[in-house]
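Residue 3 is where the sequence shown starts when you use the numbering used here, and the numbers rise one by one after that.
Ideal Cβ positions, reconstructed from N, Cα and C, are used throughout, including at glycine.
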Amino acid sequence: MDSSQIVIRHNFTPDDFMWLWAKYVVGFNERYHCTNCLRGRYSHRFSKTRNPGLASAPEIVFDEQAGHRAIYICGVARKGYSVKANYPHNVHIAIQPAAGANATFTFERWTVNIQNGIILTIPGPESLPPPLQSLPDPYTTCRIFRWAACFTFPGASP
Numbered sequence: 003m004d005s006s007q008i009v010i011r012h013n014f015t016p017d018d019f020m021w022l023w024a025k026y027v028v029g030f031n032e033r034y035h036c037t038n039c040l041r042g043r044y045s046h047r048f049s050k051t052r053n054p055g056l057a058s059a060p061e062i063v064f065d066e067q068a069g070h071r072a073i074y075i076c077g078v079a080r081k082g083y084s085v086k087a088n089y090p091h092n093v094h095i096a097i098q099p100a101a102g103a104n105a106t107f108t109f110e111r112w113t114v115n116i117q118n119g120i121i122l123t124i125p126g127p128e129s130l131p132p133p134l135q136s137l138p139d140p141y142t143t144c145r146i147f148r149w150a151a152c153f154t155f156p157g158a159s160p
């Protein structure tokens, strides 16, 4: 393992999520929201669908793709999903590589300890670059879209 690779230790239980994934972010596609606005490959290790052993693998090394600018972790909560009440329970973590840095993410009952990375803020809709602020709600309420737009959009601050 490269000593600068992002490594996480997590306590996620995949069955509590409809979807639980991570993506190596290399860019932004403003034509889409949700996961499709993130350019890059999905992690096979941190994936509910591609890694059936995720629950028994509390440590994940993100070394599957070089050249990424960030790693985005998303967990769509099963709780409230059938009645569209899951939004407040969904997990969103944007991690930027930073050799030697450590961070901890806590949300509800979930904890993620991060080595070699920092947690990036997911901005509110008011932080979107002006050309994107007038997009429909599925874009402006999407935390993935807002983060990606503010992190990678030309002229936006990271």
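- The DSSP assignment places complete beta strand (DSSP E) segments of no fewer than 3 residues inside the region 84-112 at 93-109, in order along the chain.
- Looking only at F147, I124, Y89, the smallest Cα-Cα distance to L134 is reached by F147.
- The alpha carbon of E61 has as its nearest neighbour, out of N115, G42, R71, G126, the alpha carbon of N115.
- Contact fails between the region 37-47 and the region 96-103, because fewer than three Cβ pairs, one in each stretch, are under 8 angstroms apart.
- As the crow flies, the alpha-carbon of C144 is around 17 angstroms from that of M20.
- For the pair A103 and T142, the Cα-to-Cα distance works out to about 31 angstroms.
- Per DSSP, L134 is one residue of the alpha helix (DSSP H) stretching across 132-135.
- Spatial neighbours of R41 in its own chain (CB-CB distance under 6 angstroms, excluding positions within 5 residues in sequence) are listed in chain order as V28, G29, N31.
- Within its own chain, the residues whose Cβ lies closer than 8 angstroms to the Cβ of V9, once the five positions on either side in sequence are excluded, are M3, E61, I62, V63, F64, I116, Q117, N118, listed in chain order.
- Counting only the Cα atoms, T15 lies some 23 angstroms from L122.
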